[in-house]
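Right, one structure below, let's go through it.
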Amino acid sequence: MSTDDERPDASAIPRTRAELRAAREAEAAASRPSNEDTGAARDETPPAPRPTGGVRPTRSTFVPPDADSTTTFAAHTSADYVPPAPSTAEDAHPAPEKPKAAKTPKPPKTPKPAKAPKPEKPTTSRDNRFLLALGAVLGILVLVGAGLGVVSLTQGPRITEVQVDPTEAIETSGSRVILTANQSLAAIDESQVTVEPAVPFTLDAAGRGIGIRFTVPLDDDTEYTVNVADAVGAGGGPSATLSTSFSTPSSTIFLLRRDVDGDDKIFRTDLSGQKAQPVFAADKINDFRATSSQLVVSVEEDEGSKLLVMGRDGSDQRELELPGVGYVGAIQVSDRGGLVGYSYSDKELSDTEGRASVLVTQSLSGDDEPVVTEVGDKEANVFVWQFVPDSAAMLFIDFDGALSLVDRTTDAGVQSLGLATTIQGISRGTYTAIVERLDGSVVELNLTDGSEVPLEASTPDYGSAITITPFPGGTLRHVVSRDENGLPIGQAIVRVDDEGAATPLVEVDSTDSILQACASPSGQYAAVVIAPELADNPYDQMLLPLPENLETHLLDLRTGDEIVALTGFDASWCQTAPQF
1 MSTDDERPDA
11 SAIPRTRAEL
21 RAAREAEAAA
31 SRPSNEDTGA
41 ARDETPPAPR
51 PTGGVRPTRS
61 TFVPPDADST
71 TTFAAHTSAD
81 YVPPAPSTAE
91 DAHPAPEKPK
101 AAKTPKPPKT
111 PKPAKAPKPE
121 KPTTSRDNRF
131 LLALGAVLGI
141 LVLVGAGLGV
151 VSLTQGPRIT
161 EVQVDPTEAI
171 ETSGSRVILT
181 ANQSLAAIDE
191 SQVTVEPAVP
201 FTLDAAGRGI
211 GIRFTVPLDD
221 DTEYTVNVAD
231 AVGAGGGPSA
241 TLSTSFSTPS
251 STIFLLRRDV
261 DGDDKIFRTD
271 LSGQKAQPVF
281 AADKINDFRA
291 TSSQLVVSVE
301 EDEGSKLLVM
311 GRDGSDQREL
321 ELPGVGYVGA
331 IQVSDRGGLV
341 GYSYSDKELS
351 DTEGRASVLV
361 TQSLSGDDEP
371 VVTEVGDKEA
381 NVFVWQFVPD
391 SAAMLFIDFD
401 GALSLVDRTT
411 DAGVQSLGLA
421 TTIQGISRGT
431 YTAIVERLDG
441 SVVELNLTDG
451 SEVPLEASTP
461 DYGSAITITP
471 FPGGTLRHVV
481 SRDENGLPIG
491 QAIVRVDDEG
501 AATPLVEVDS
511 TDSILQACAS
521 PSGQYAAVVI
531 APELADNPYD
541 QMLLPLPENL
551 ETHLLDLRTG
561 DEIVALTGFD
571 ASWCQTAPQF
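1 is the number of the first residue of the sequence shown in our numbering; add one for each residue after it.
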């Protein structure tokens, strides 16, 4: 155990680097002259002594004391400290060390007042504002979408789109109105669909679409309403009634007016006759037919017939190729099939050479060759024929009296339907023809399966009809009144509805003659061609000879009232030209 007497002299105690630095700084401060000192006095002050000797001083290391021991210092050799070598004599033999002057303690520094914190710069930059706006928009869209979803679930299906062509609907059968819902629908039955005013239709519904096909043309200038009751989404939910309305335009009609002193003209007019406009003129127009978008015109020339196709306003005229140089008659068109049909005869015709009254069909576009109808690999000479409405099928009777059906769109060939003397007409949308058999009976022939039933007499019975023209809802029958000797004393057009009730529409005496009667596509109107004062009404010299003065009387078939009488004939409502 050590005592104070045994402690070594303070100057011999090894000092740390920090203690040596502090000693040097104290010596430098003590040797610094005061304000009265001169430079010479400063030079006489000896430098502070530096440690000498060859023994490397040791550095004391603090060792934490144990609880029961006193503080001890363990010396160890420092590997970091190297004493400097003496540079002068004084360094080698230092003067005795003067006592250190007490260092005046520095007054404590007054802490500087703390600076006020600078205000923070705004962190909402332009990008942040954009992100906030985008988030707000997306949030609104989500809310709107959720709201619409809730509304759709609570209100049931709704209509988002309606497709319909009212102009086409009054001219052809088979037009459609297509409803598109906002969601897929459960199965729709025909009993759920109503059309006002009533009109026959078929239904085709799948997914979101509901297609309603009208099997007959619609009335003109009429508002139609279609309702689909109890429509339910495919996933369930509440039901709703899907409803839409559309209006059809007023009808127009084409008429042919022949002029022995000038050009013949085809006019288009409204049903009042006040807005007639010529659309085509030629020296000799024999016949014409109209589709929903085109006119087909047969023109007579010295070398034969020409067949022209043009727009309904007479534009874009082009000539169709014929089977040869000859004459064309009995023009008809299949709007849905895109075909024109006609009877054709060669100009050079003899008992042994040439074709007479063969039935020819070709595309209205003119991009194919004329096709001559054959029966048993032989070109058929046709007495009378008609297109089946809304199809490309043709019903015809050849010179042997054989009644046949052929469809250009199939490979079924010619179907034999027995013998007949004439074809009165074919109903739209029913595939039913009215034909007269060899025994004089008139039957309704189903062209699908060949079955037939007698045509019922009217009430009252006006006797046998010269011509019978079917229309949706009934027939127009041309009857002749005779005296007790069987001589004609008058003619009439009688409207007979589907129940057989007959109503006279037009009556003329023996001085006039009715040449033709036909109905508008929907059966709303009738056009009756009359040759007045027949004894003083000479025939023209055309391929289809007719009296020079002809009148077309337009009537409302629902009321029986006459609308107007127009000069001309060959109304575009008729499937065939008038025959006398």
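All C-beta atoms, glycine included, are put in the ideal place defined by N, C-alpha and C.
Non-local beta-carbon contacts of A169 in its own chain, meaning distances under 7 Å to residues more than five positions away in sequence, involve S175, F214, P217, L218 and T248 in chain order.
Distances from the CA of A420 to each of R428, L405 and Q579 were compared; the closest alpha carbon is that of L405. In this structure, the alpha-carbon of D497 lies about 24 Å from that of E223. In this structure, the CA atom of G156 is about 18 Å from the CA atom of V226. For the set I266, E303 and I285, the Cα lying nearest the Cα of P278 is the one of I266. Short of 8 Å from the beta carbon of A205, and not among the five residues preceding or following it, lie these beta carbons of its own chain, in chain order: L185, A187, I188 and G211. Spanning the alpha carbons of D540 and L438 requires a straight line of approximately 33 Å. For E303, there is no enclosing alpha helix (DSSP H), as DSSP gives it neither H nor E.
If you check the CB distance, L417 and M394 do not come in under 9 Å.
Spatial neighbours of G429 in its own chain (CB-CB distance under 6 Å, excluding positions within 5 residues in sequence) are listed in chain order as S173, T215 and V216. Per DSSP, the unbroken beta strand (DSSP E) holding A465 starts and ends at A465 to F471. The Cβ atoms of I331 and V325 lie no closer than 9 Å to each other. By the 16-neighbour rule on beta-carbons within 10 angstroms, Q579 is exposed.
Membership of E562 in the beta strand (DSSP E) is indicated by the continuous run E562 to T567.
Distances from the CA of T167 to each of V443, R24, D220 and A356 were compared; the closest alpha carbon is that of D220. Exposure of T448 is indicated by the presence of fewer than 16 other C-beta atoms within 10 angstroms of its C-beta. In this structure, DSSP gives I514 an extended state, which the three-state scheme calls strand. The beta carbon of A229 lies closer than 6 Å to those of Q192 and T241 in the same chain, with the five residues before and after it left out. CA-CA distance, A234 to S427, rounds to 39 Å.
Ranked by Cα distance from G413, the options T373, A457 and Y327 are led by T373. Burial check for F399: the Cβ neighbour count within 10 Å stays below 16, so the residue is exposed.
For A169, the enclosing alpha helix (DSSP H) begins and ends at P166 to A169. Under the three-state reduction of DSSP, R176 is assigned to strand. Between the C-alpha atoms of A290 and I140 there is a straight-line separation of about 56 Å.
Counting along the chain, V406 sits inside the beta strand (DSSP E) bounded by residues A402 to D407. For the region 476–542, the continuous beta strand (DSSP E) assignments of 3+ residues that do not extend past its boundaries occur at 488–497, 502–509, 513–519 and 525–531, in sequence order. A straight-line Cα-Cα distance of about 43 Å links L255 and A181. If you draw a 10 Å sphere on the C-beta of P504, you find fewer than 16 other C-beta atoms in it, and that means exposed. With respect to the 9 Å criterion, A527 and L544 are not classified as neighbours on the basis of their beta carbons. Only residues of its own chain outside the window of five on either side were considered, and among them N537 have a CB closer than 6 Å to the CB of N549, listed in chain order.
In the three-state reduction of the DSSP assignment, R21 falls in the helix class. Membership of Y342 in the beta strand (DSSP E) is indicated by the continuous run L339 to D346.
For the region 203–256, the continuous beta strand (DSSP E) assignments of 3+ residues that do not extend past its boundaries occur at 209–214, 223–231 and 240–247, in sequence order.
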